[in-house]
Amino acid sequence: MKTIVNILAAFILLTNVAVAQVKWSVDPAHTNARFEVKHLGIAFVDGQFKKLDGNLESSTATDFNNAKINFNIDINSIDTRVEMRDNHLKSDDFFSAAKFPTMKLENAVLKGKKGKYKLTGDLTIRDVTKKVTFKVTQNNGIITDPWGKTRAGFTATTSINRFDYGINYADKLPSGVFAVAPEIQITVNVEVVKN
Numbered sequence: 020m021k022t023i024v025n026i027l028a029a030f031i032l033l034t035n036v037a038v039a040q041v042k043w044s045v046d047p048a049h050t051n052a053r054f055e056v057k058h059l060g061i062a063f064v065d066g067q068f069k070k071l072d073g074n075l076e077s078s079t080a081t082d083f084n085n086a087k088i089n090f091n092i093d094i095n096s097i098d099t100r101v102e103m104r105d106n107h108l109k110s111d112d113f114f115s116a117a118k119f120p121t122m123k124l125e126n127a128v129l130k131g132k133k134g135k136y137k138l139t140g141d142l143t144i145r146d147v148t149k150k151v152t153f154k155v156t157q158n159n160g161i162i163t164d165p166w167g168k169t170r171a172g173f174t175a176t177t178s179i180n181r182f183d184y185g186i187n188y189a190d191k192l193p194s195g196v197f198a199v200a201p202e203i204q205i206t207v208n209v210e211v212v213k214n
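Per the numbering used here, the sequence shown starts with residue 20, numbered consecutively.
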């Protein structure tokens, strides 16, 4: 009987180890979410969101395939270096930040190997949620920082059509070119720290 109990205990221990998740937190001091959009058809305007948070769960401390990711961005932290433009972007013409203060990426899963991944998840802007896929590169593996913490870094890129998310500002030049193009290029540089 003792042998059966020992075997059962070992099986339970191995099962718990197999499903254990390694938790990582986004380091907001070393993470940025940037965007770029064509203006008047001739130039690009870029900006960033200065406040964000998120977490990542991986199956091991060295393998990010199938890692789960959630990410939140504070819309009111938008910064394009021009206060009047930032206020316009927070208005109902664009993000409607008073009603929808947070942009979210939820239920996102990282798939790939050798530092090259695709991240697919539910992106919510305003009150619209759509599936989005990012191309992701892991930057230089996993390191131990000078303070003994384990860190990893990633760069994720995608493009979205803002009209798909209810950002319907549509002023045009007499030529028919949008003042602010529909397509938005997004780059997120993320540094995560193992908890």
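All C-beta atoms, glycine included, are put in the ideal place defined by N, C-alpha and C.
6 Å CB neighbourhood of residue i in its chain, flanking five on each side removed
{"i": "D105", "result": "I97, T99"}
{"i": "F153", "result": "L138, A175, T177"}
{"i": "K42", "result": "E76, N214"}
{"i": "Q204", "result": "E55, S178"}
Which of helix, strand or coil DSSP assigns to residue i
{"i": "D164", "result": "coil"}
{"i": "I186", "result": "coil"}
{"i": "N95", "result": "helix"}
{"i": "R181", "result": "helix"}
Cutoff 8 Å; reference residue i; Cβ partners in own chain excluding five residues on either side
{"i": "T169", "result": "A80, I161, I162, T163, V212, K213"}
Distance, residue j Cα to residue i Cα
{"i": "E125", "j": "I88", "result": "7 Å"}
{"i": "A37", "j": "N85", "result": "Summary for A37: the model assigns pLDDT 48, below 50, so the residue's position carries little reliability, and this model does not support an answer."}
{"i": "V128", "j": "G140", "result": "6 Å"}
{"i": "Y136", "j": "F90", "result": "17 Å"}
{"i": "I186", "j": "D112", "result": "7 Å"}
For residue i: DSSP bridge partner residues
{"i": "T152", "result": "T139"}
{"i": "D146", "result": "Bridge partners of D146: none, in fact."}
Proximity test, residue i beta-carbon vs the ligand FMN heavy atom, cut-off 7 Å
{"i": "T169", "result": "This structure simply doesn't include the ligand FMN, nor any ligand for that matter."}
C-beta contact flag for residue i and residue j at 8 Å
{"i": "D65", "j": "E210", "result": "no"}
{"i": "L192", "j": "A198", "result": "yes"}
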